[in-house]
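Please read the structure below before turning to the comments.
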Amino acid sequence: MWTNRRTEHGPFDIIGDVHGCFDELGELMTTLGYSIEGNGGGHRVVTPEGRKAIFLGDLVDRGPKIPEVLKLVMGMVEAGTALCVPGNHDMKLLQKLRGKDVKIAHGLADSIAQLEVEPPEFKSKVADFLDGLISHYVLDEGKLVVAHAGMKEEMQGRGSGAIRSFALFGETTGETDEFGLPVRYNWAADYRGKASVVYGHTPVGEPQWLNRTVNIDTGCVFGGKLTALRYPEKEFVSVSAHKTYYEPAKPLVSAQPTTSLSQQHEQDDVLDIDDVIGKRIIETRLHGNLTVREENAIAALEVMSRFATNPKWLIYLPPTMSPSETTKAETHGFEGGSDRLPRPRCSIAAIRGRAGRDWRLLYEDGQEILQRACVRARIPRSHSGSRNQVRFVGRACD
Ligand SMILES: [Mn+2]
């Protein structure tokens, strides 16, 4: 398959939607250690030792220096120092360059106007370049996937019209939001794949990992930032936009109430039933694959839902530990109806130890009780000043 670049291990500098922001791109690449010489006719880019750039598409439209960006990226791809996947804007421009009748909207007019003054040979070179772009790449032994709008696990490394369409546009739910924009299906929330998927397409205020996926389009052309992800370092490097080149249809940072929790933490607070029911095969480091039969999973879930934390955070449950008796209380909330909950209630206090993974269960009066389970937990940033005091009040003991 054309998408297969498993033998390329990087290191990579993966760059989000550029949209003609050449000056910011130059700045970002300089920060990343690239040096760019010359302009106009061509750029000579010297890459830092062994590294390779990956462009996530949407090089064109809306921004001020679209031909410059194309020249730089095309030159690097030709020289073998960069890979590039196509974005929906690039494909729309390609259709236009091929003489198709396309609607001139969403900044395409900027690309047309700026390419107008370029020689015809350049325009046909651009068209050939865009035509040759592969929907997505699977890199580093399958550990890294890059695509403009993302890539579901079952589509990775394969090719079809549907896969190409997902790579360019993602999926929409068929609804539109209050800004008249299509509501996008949040594939990343359902992603359970092993490969890290790095993508762009929908501008976000800050890049955030969610289930091994990350959107690094931080809306430079809309006055945000141009962001790169260094891989395998998984380090974000951004430069601010010099100005707002194009007014966004909706504000960059969503108007939803902001919490101190990361996207991942927020999602992890809710258990997805599909992750725990049915026959499960769990890969373990020490015991190979373990199969959990469906009936056992149901029984375990029943117990866990009453007495434990999200199973996702349980890394070890001692086999001799029997669950405490089921409460007769009709309400299962922590507070309401608590008279009939098993007592005394306790909290789990975090004791920092080996790799932060030592946990002990403490009664609220501080008395230590049997260690019942090891849990792995993320400490919310807001608590970082008092890590040892973070407590998860539960009713796991009696
Ligand atoms: Mn896009």
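Counting along the sequence shown from 1, when you hit position 86 you're at 86 in our numbering, and nothing is skipped either side.
Glycine is no exception: its CB is placed at the ideal position from the N, C-alpha and C atoms.
Top-ranked residue by Cα proximity to residue i, from the options
i	options	result
Gly10	His106, Tyr137, His242, Val18	Tyr137
Asp301	Arg285, Gly288, Arg280	According to the sequence provided, residue 301 is Leu. The question's Asp does not apply to it. Looking at the Cα atoms, Arg280 is the closest of the given residues.
Ala149	Asp140, Asp275, Lys125, Val198	Val198
Thr7	Val145, Leu72, Asp61, Leu32	Val145
Glu154	Asp190, Leu115, Arg184	Asp190
Arg192	Ile112, Ala241, Gly99, Asp275	Asp275
Tyr400	His106, Leu72, Gly38	Outside the shown range of the chain, which is 1 to 398, sits residue 400, and nothing can be said about it.
Asp110	Val221, Thr81, Asp101	Val221
Pro232	Pro251, Gly50, Thr218	Gly50
Leu252	Ile216, Phe236, Lys234	Ile216
Gly33	Asp17, Val18, Asp101, Phe12	Phe12
Asn295	Ile277, Ile282, Arg306, Thr218	The sequence given here has Glu at residue 295, not Asn. Here the closest residue by C-alpha is Ile277.
Ser135	Val117, Ile298, Gln156, Arg306	Gln156
Leu83	Ala147, Ala162, Leu168, Ser160	Ala147
Residue i classed as buried or exposed, judged by whether at least 16 other C-beta atoms fall within 10 angstroms
i	result
Asp358	Reliability of the predicted coordinates at Asp358 is poor, the pLDDT of 40 falling under 50, and the value obtained from them is presented with this limitation in mind. That one is exposed.
Thr227	buried
Ile14	buried
Ser124	exposed
Lys52	buried
Lys103	exposed
Thr213	buried
Asp131	exposed
Gly161	exposed
Beta-carbon separation (whole angstroms), residue i vs residue j, contact threshold 8 Å
i	j	result
Lys152	Trp187	6 Å
Lys225	Ser240	5 Å
Pro248	Gly219	7 Å
Leu133	Pro86	4 Å
Leu139	Arg5	5 Å
Asp61	Gly200	That pair is no contact at about 13 Å.
Ala127	Leu97	4 Å
Arg158	Gly170	17 Å between Cβ atoms; not a contact.
Thr81	Val45	6 Å
Is there contact here, the region 51–69 with the region 10–24, by at least three beta-carbon pairs under 8 Å? yes
Any chance you could list the alpha helix (DSSP H) runs of at least 4 consecutive residues sitting entirely within the region 82–112, in chain order?
88–97
Could you say if the region 86–105 and the region 38–58 meet the contact criterion of at least three C-beta pairs nearer than 8 Å? yes
Fully enclosed by the region 229–273, which beta strand (DSSP E) runs are 3 residues long or longer?
-> 235–240
message: Please give me, in chain order, every unbroken run of the beta strand (DSSP E) with length at least 3 that falls completely inside the region 121–175.
response: 136–139, 144–147
Kindly confirm or deny that the region 260–270 and the region 196–213 touch, where touching means at least three C-beta pairs closer than 8 Å. yes
**Request:** Could you name each continuous beta strand (DSSP E) segment of 3 residues or more that falls completely within the region 41–80, going from the start of the chain to the end?
**Result:** 44–46, 52–55
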